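Asks: In my numbering, the protein residues as written are 3 to 108. Backbone N, C-alpha and C define an ideal beta-carbon position, used for all residues, glycine too. As the structure is a computational prediction, the values presented were derived from the model and not from experiment.
1. Between the segment 31 to 44 and the segment 89 to 100, can you find at least three pairs of beta-carbon atoms closer than 8 Å?
2. Just to confirm, are residue 79 and residue 12 a CB contact at a threshold of 9 Å?
3. Could you check the C-alpha separation between residue 60 and residue 102 for me, to the nearest Å?
4. Can you tell me where the alpha helix (DSSP H) with residue 46 in it begins and where it stops?
5. Using the rule of at least 16 other Cβ atoms within 10 Å of the residue's Cβ for burial, across every protein chain shown, is residue 26 buried or exposed?
6. Please classify residue 83 as buried or exposed, where buried requires at least 16 neighbouring CB atoms within 10 angstroms.
7. Identify the continuous alpha helix (DSSP H) that holds residue 65 and give its terminal residues.
8. Should residue 67 be labelled buried (16 or more other beta-carbon atoms within 10 Å of its own) or exposed?
9. Taking its Cβ as the centre, do 16 or more other Cβ atoms sit within 10 Å of residue 15, making it buried, or is it exposed?
10. Whole angstroms is fine: what's the gap from residue 72's alpha carbon to residue 56's?
11. Where does the unbroken beta strand (DSSP E) through residue 80 begin, and where does it stop?
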């Protein structure tokens, strides 16, 4: 199953909700959301820096990942950015593909 990294930034309303509910409760909500799409959460961490939360999850495919990002962001508590993660085997497969490309000006 494809893996994704969701980078999450809390909005002021999202931060208020986190302060009210706590991190464990939010992790449960995220887990149920991902499971409802046919996937599973591998890890969820809060962080310092540009992003407040990192979630790695397995989902059935890109449309499920896009649906999750859109619905969660539209709710207003967070803004998400989704990164498709590749395994070493997928990178090996990509390396074996022939690509016809010419750099600009070459």
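Replies: Once the coordinates are examined:
1. Cβ pair count under 8 Å is below three, so no.
2. Yes.
3. Computed Cα separation, rounded: 32 Å.
4. Annotation: residue 46 is outside any alpha helix (DSSP H); the continuous beta strand (DSSP E) that includes it extends over 42 to 48.
5. By the neighbour-count definition (other C-beta atoms within 10 Å, threshold 16), residue 26 is an exposed residue.
6. Classification for residue 83: exposed.
7. First-last of the alpha helix (DSSP H) with residue 65: 64 to 76.
8. Residue 67 comes out buried.
9. Result: exposed.
10. Taking the CA atoms as reference points, residue 72 sits about 16 Å from residue 56.
11. 80 to 87 is the span of the beta strand (DSSP E), which, as asked, contains residue 80.
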